[in-house]
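Residue numbers 1 to 664, in UniProt numbering, belong to the letters of the first sequence in order.
Have a look at the structure below, then the notes.
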Amino acid sequence: MWLIVTEKDNTARRIAGILFGRVKVRKIDGVNVYFSQDEKNAVVGLKGHIVELDYPKEYNNWSKVPLKSLLKADLVKKVKARNIAKALSQLAQKAERVTIATDYDREGELIGVEALEIIKKANPSVKADRAKYSAITPQEIKKAFSSTTKINFNLAKAAETRQIVDLMWGALLTRLLSLSSGRLGKDFLSVGRVQSPTLRFIVEREREIQQFKPTPYWEIFAEFENGEKFSAKHVKRFLKKEEAEEAFSRIGDRAVVKKYVEKDVSERRPIPFNTTEFLREAGKFMAPDKAMSIAENLYMNGYISYPRTDNTVYPPSLNLKAIVSKFLNSEFKAEAEIALSHMKPSRGKKETKDHPPIHPVEVASRKDLSKDEWRIYELVVRRFLATLAPDAVWAVRQAEIDASGEIFKATGKQLVNPGWRAIYVYYKAEESFLPGLHEGQTLKVLSKKIEEKKTKPPGRYTMSSIIKLMEKYNLGTKSTRHEILRKLYSRGYIRGNPLKPTEVAFAVIDALKKEAEVITLPDMTAKLEEDMDRIEEGKQDQKAVVNESAKFLEEVLENVNEEELGKTIREGVRKDRVVGKCPECGNDLEIRKARGRFIGCTSYPECRFTLPLPQKGRLEVTARKCDKHDMSILRIRPSKGKSWTFCPYCSYIEWKGRDGQSQG
DNA sequence: GCAAGGTC
Numbered sequence: 001m002w003l004i005v006t007e008k009d010n011t012a013r014r015i016a017g018i019l020f021g022r023v024k025v026r027k028i029d030g031v032n033v034y035f036s037q038d039e040k041n042a043v044v045g046l047k048g049h050i051v052e053l054d055y056p057k058e059y060n061n062w063s064k065v066p067l068k069s070l071l072k073a074d075l076v077k078k079v080k081a082r083n084i085a086k087a088l089s090q091l092a093q094k095a096e097r098v099t100i101a102t103d104y105d106r107e108g109e110l111i112g113v114e115a116l117e118i119i120k121k122a123n124p125s126v127k128a129d130r131a132k133y134s135a136i137t138p139q140e141i142k143k144a145f146s147s148t149t150k151i152n153f154n155l156a157k158a159a160e161t162r163q164i165v166d167l168m169w170g171a172l173l174t175r176l177l178s179l180s181s182g183r184l185g186k187d188f189l190s191v192g193r194v195q196s197p198t199l200r201f202i203v204e205r206e207r208e209i210q211q212f213k214p215t216p217y218w219e220i221f222a223e224f225e226n227g228e229k230f231s232a233k234h235v236k237r238f239l240k241k242e243e244a245e246e247a248f249s250r251i252g253d254r255a256v257v258k259k260y261v262e263k264d265v266s267e268r269r270p271i272p273f274n275t276t277e278f279l280r281e282a283g284k285f286m287a288p289d290k291a292m293s294i295a296e297n298l299y300m301n302g303y304i305s306y307p308r309t310d311n312t313v314y315p316p317s318l319n320l321k322a323i324v325s326k327f328l329n330s331e332f333k334a335e336a337e338i339a340l341s342h343m344k345p346s347r348g349k350k351e352t353k354d355h356p357p358i359h360p361v362e363v364a365s366r367k368d369l370s371k372d373e374w375r376i377y378e379l380v381v382r383r384f385l386a387t388l389a390p391d392a393v394w395a396v397r398q399a400e401i402d403a404s405g406e407i408f409k410a411t412g413k414q415l416v417n418p419g420w421r422a423i424y425v426y427y428k429a430e431e432s433f434l435p436g437l438h439e440g441q442t443l444k445v446l447s448k449k450i451e452e453k454k455t456k457p458p459g460r461y462t463m464s465s466i467i468k469l470m471e472k473y474n475l476g477t478k479s480t481r482h483e484i485l486r487k488l489y490s491r492g493y494i495r496g497n498p499l500k501p502t503e504v505a506f507a508v509i510d511a512l513k514k515e516a517e518v519i520t521l522p523d524m525t526a527k528l529e530e531d532m533d534r535i536e537e538g539k540q541d542q543k544a545v546v547n548e549s550a551k552f553l554e555e556v557l558e559n560v561n562e563e564e565l566g567k568t569i570r571e572g573v574r575k576d577r578v579v580g581k582c583p584e585c586g587n588d589l590e591i592r593k594a595r596g597r598f599i600g601c602t603s604y605p606e607c608r609f610t611l612p613l614p615q616k617g618r619l620e621v622t623a624r625k626c627d628k629h630d631m632s633i634l635r636i637r638p639s640k641g642k643s644w645t646f647c648p649y650c651s652y653i654e655w656k657g658r659d660g661q662s663q664g
């Protein structure tokens, strides 16, 4: 038998369809296997990595295992998907040839080799080869399977090295920080090659905001008239009040048009969606992890294409016109017609061969989908149609006006041909008015005003802007970035959106910068990429790369002052428990634990002010404050049901009020 | 109970 192994069930099914025509599906150990009619060929799909690298059981007790021993431990491969491993072993016994047809990239090569190792154990004499394809189309698949190559074990080795290095650094530093600060169990503090640099970006932005000193400046505005009224802004930003006032007083009641231009400016249609762009846009109304899971669902149900892609260029094999035509019989009829009138696809900078940009594949109707699913589906449809539509055209007018030597600028923008904007309705077209003028024309100055403003600190990152930043620095992959963010939330490192780091996050980043700064920098990923390339080329071996990491980490352990490290982190943890100021003595109020949890004053026993707290459910301090009491809003996440938020002081007052009534 | 990477 010829056995073909793909990265996931879905591609197994499609490849079997292309290669065999008619397919017999049978479940082996609960796993779909796609056979040809004569059962001489079979395709089976994995679930990505089916084995996981880990420390042996003896290393499980964090408190008892010396950290140093983690550096010398032999890692083991634990089977994660037991049923798939069993199915592979069974199929292997009947197979004389196995073709690895996982994704054509580094991680895919390792995923394939993992499966091959299980197969070889069951049948050592099986012959193995590799099929490489970059699109699941009949031509491409047939070509790949008629011209298979050798398995690239060096490439798999490179991916495995990444796993070892990530685990080693992650486990050692995670345990070091958690142990020294006493944050054990579910409260542990994680460290990693991707999450820590990401967190550092967030922490450093917050520090910039905290240290920001607003400086005042002055701007001058004026209203002019040539029959029609319009306003304009002085070209200069004044840093001194006196200068602004001098300029202001010079402006008389007449002005002259110095320059005037009218032109049509076209605004390019948006580029096709890759995962990052998609999550960024969905981020306007939905959290990225939710948007991602909905997109996966829509994909599984055949409404949209594969949502994990870096590609922003439609491949020529994609029949765009056929897809657009489907929407002529849908509520997007008008939009589809605009696209069909043009049909010139835009293209982004990134072109990869793995998957096409995200696009709809089937027409859905509103009643087939939940409300959120529909919003995501609609976004994908509108984006797709917009990428094929004509550019938008704006009529732009620009004027420079001289008012007694003071120069003002005014612009008018009017959308004359909406093009793609009629389809992609997520950006508002902001129009502004300027009447037609001509150079040398005299204007009346109707009014003038001077405004004091202040420079503003940079904004916090949002979920979508941080994902964009991660992409820029090559941190994580299209499939993991949103999960890294989720991790930062669940570790209590960040709160809210825009992202606000907690005090623990500050403490963790400060501690890491002092003890092992490389783990907080994107450079580490860059260096690892270089090492992996060299391993793939056969110029570097795994051991050398792993030893280099071990040596560095050993030095960290030798130089670290655990007591001091623990102290800084514990101080951060303490600050995160502070919810506001005590109304009786003005000291910090914090979440405390005695028999149950409650809010108490830090100057206890001098001050005995307390507030009650619900005893059940996970308690979180949110980034928001109550307007009335300047106290942090708290959130309870019950084990079942929806989470809810409250101000501890407000709800205490309310509760006391009700109590008073029942007694009186 | 640790990482990041696949996939669900």
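Just so you know, even glycine gets a beta-carbon here, dropped at the ideal spot from N, CA and C.
| query | Do I294 and D372 come within 7 Å of each other at the CB atom, strictly closer than that value? | reply | Position 372 of the first sequence, counted from the first residue, corresponds to residue 372. Position 294 of the first sequence, counted from the first residue, corresponds to residue 294. Yes. Within cutoff.
| Are F408 and A247 closer than 7 Å when you measure CB to CB? | Reading the first sequence from its first residue, position 408 is the one you call residue 408. Reading the first sequence from its first residue, position 247 is the one you call residue 247. Contact: no.
| query | Between which two residues does the alpha helix (DSSP H) harbouring N319 extend? | reply | Along the first sequence, read from residue 1 onward, the residue named residue 319 stands at position 319. Segment: none, N319 is in no alpha helix (DSSP H) and carries neither H nor E.
| task | Spatial neighbours of M343 within its chain, please: CB distance less than 6 Å, with the 5 preceding and 5 following residues excluded, ordered by chain position. | result | Translated into the one-based positions of the first sequence, residue 343 becomes position 343. Only L388 meet the Cβ criterion.
| Is L184 buried or exposed, if buried means 16 or more other CB atoms sit within 10 Å of its CB? | The residue labelled residue 184 in the question sits at position 184 within the first sequence. It counts as exposed.
| request: Using three-state DSSP, classify C601 as helix, strand or coil. | output: Taking the first residue of the first sequence as 1, we reach residue 601 at position 601. Strand.
| To the nearest whole angstrom, what separates the beta carbons of I633 and L613, a pair I think is in contact under 8 Å? | To locate residue 633, count along the first sequence from 1; it is residue 633. To locate residue 613, count along the first sequence from 1; it is residue 613. With 8 Å as the limit, I633 and L613 do not qualify as a contact, their Cβ atoms being about 13 Å apart.
| What are the partner residues of F35, as DSSP defines its beta bridges? | For the purposes of this step, residue 35 is identified with residue 35 of the first sequence, where counting begins at 1. F35 pairs with K24, A42.
| Quick one: what does DSSP say Y260 is sitting in, helix, strand or coil? | Numbered from its first residue, the first sequence carries residue 260 at position 260. Note: Y260 maps to strand in three-state DSSP.
| message | Within 10 Å of its beta-carbon, does E564 have 16 or more other beta-carbons around it, so buried, or fewer, so exposed? | response | Counted from its first residue, the first sequence places residue 564 at position 564. That one is exposed.
| L189 and S178 closer than 7 Å at C-beta | Taking the first residue of the first sequence as 1, we reach residue 189 at position 189. Taking the first residue of the first sequence as 1, we reach residue 178 at position 178. In contact: L189 and S178 (Cβ atoms closer than 7 Å).
| message | Check this for me: beta carbons of T309 and T276, under 7 Å apart or not? | response | Position 309 of the first sequence, counting from 1, holds the residue named residue 309. Position 276 of the first sequence, counting from 1, holds the residue named residue 276. Contact: no.
| Opening and closing residue of the beta strand (DSSP E) in which D630 lies | Here residue 630 refers to the residue found at position 630 when the first sequence is read from its first residue. Premise fails: D630 is in no beta strand (DSSP E) and is neither H nor E.
| K500 in three-state terms, based on DSSP | Position 500 of the first sequence, counted from the first residue, corresponds to residue 500. Here K500 sits in strand by DSSP.
| Which residues in the same chain have their Cβ closer than 6 Å to the Cβ of K8, if we skip the five residues on either side of it in sequence? | Counting from 1 along the first sequence, the entry for residue 8 is found at position 8. These residues qualify, in order along the chain: G45.
| Under the three-state DSSP convention, the category A128 falls into | Residue numbering aside, residue 128 sits at position 128 when the first sequence is read from its first letter. If DSSP states are grouped into helix, strand and coil, A128 belongs with the strands.
| task | Could you say if the region 533-540 and the region 574-592 meet the contact criterion of at least three C-beta pairs nearer than 8 Å? | result | no
| query | By how many angstroms is the C-alpha of P307 removed from the C-alpha of A339? | reply | Numbered from 1 along the first sequence, position 339 holds the residue referred to as residue 339. Numbered from 1 along the first sequence, position 307 holds the residue referred to as residue 307. Straight-line Cα distance between these residues: approximately 22 Å.
| query | Ordered along the chain, which non-local residues of its own chain (more than five positions away) have a Cβ less than 8 Å from that of residue 691? | reply | Limits of the chain in this structure are 1 at one end and 664 at the other, which puts residue 691 out of reach.
| Sequence-distant residues of its chain with Cβ nearer than 6 Å to R397 (five each side left out) | As a first step, residue 397 is located in the first sequence; it is residue number 397 there, counting from the start. Cβ within range, chain order: E262, G412, L434.
| field | Buried versus exposed, by CB contacts within 10 Å (16 or more), F238 | value | Position 238 of the first sequence holds residue 238. Label assigned to F238: buried.
| said: Classify G30: buried if its beta carbon has 16 or more other beta carbons within 10 angstroms, exposed otherwise. | reply: As a position in the first sequence, residue 30 is number 30, starting the count at 1. The residue in question, G30, is exposed, as its Cβ has fewer than 16 Cβ neighbours within 10 Å.
| said: For R382, tell me which candidate among P458, I323, L172 has the shortest Cα-Cα distance. | reply: By one-based count along the first sequence, residue 382 stands at place 382. For the residues P458, I323, L172, the minimum Cα distance to R382 belongs to I323.
| task | Identify every run of the beta strand (DSSP E) within the region 551-577, keeping only runs that are complete inside it and at least 3 residues long; order them along the chain. | result | none
| field | Extent of the continuous beta strand (DSSP E) to which T645 belongs | value | Position 645 of the first sequence, counted from the first residue, corresponds to residue 645. Where T645 is concerned, the enclosing beta strand (DSSP E) stretches over 644-646.
| message | Between the alpha carbons of V113 and P315, how many angstroms are there, rounded? | response | Position 113 of the first sequence holds residue 113. Position 315 of the first sequence holds residue 315. Approximately 29 Å between the Cα atoms of the pair.
| said: As an exercise, report each continuous alpha helix (DSSP H) stretch of at least 4 residues that is fully enclosed by the region 127-205, in chain order. | reply: 138-146, 153-181
| Across which residues does DSSP place I407 in a beta bridge pair? | The residue given as residue 407 occupies position 407 in the first sequence. D402, per the DSSP bridge assignment.
| query | Near I111, which residues of its chain fall below 7 Å by C-beta distance, leaving aside the five closest residues on each side in sequence? | reply | Within the first sequence, numbered from 1, the residue matching residue 111 stands at position 111. Cβ within range, chain order: E7, L46, G48, H49, T102.
| task | For D588, name the three-state secondary structure that DSSP assigns. | result | In the first sequence, residue 588 corresponds to position 588, counting from 1. D588 falls in the strand class under three-state DSSP.
| field | From H355, N319, I304, V425, residue whose alpha carbon lies closest to that of P270 | value | Position 270 of the first sequence holds residue 270. If we check each option's Cα against that of P270, V425 comes out closest.
| Given 8 Å as the limit, is there contact between the region 542-554 and the region 66-76, that is, 3 or more CB pairs closer than that? | yes
| Residue from T462, E331, Q37 with nearest C-alpha to K367 | Position 367 of the first sequence, counted from the start, is the residue given in the question as residue 367. Residue E331 is the option with its Cα nearest to K367.
| Mapping DSSP to helix, strand and coil, what is P360? | Translated into positions along the first sequence, residue 360 becomes position 360. Looking at P360 - three-state DSSP - the assignment turns out to be strand.
| query | Which residues mark the beginning and the end of the beta strand (DSSP E) in which A101 is found? | reply | The count along the first sequence starts at 1 and reaches residue 101 at position 101. Start and end: 97-101.
| By a C-beta neighbour count over all protein chains shown, 10 Å radius and 16 as the cutoff for buried, is W644 buried or exposed? | Locating residue 644 in the first sequence gives position 644, where the first residue counts as 1. Exposed, because fewer than 16 other Cβ atoms sit within 10 Å of the Cβ of W644.
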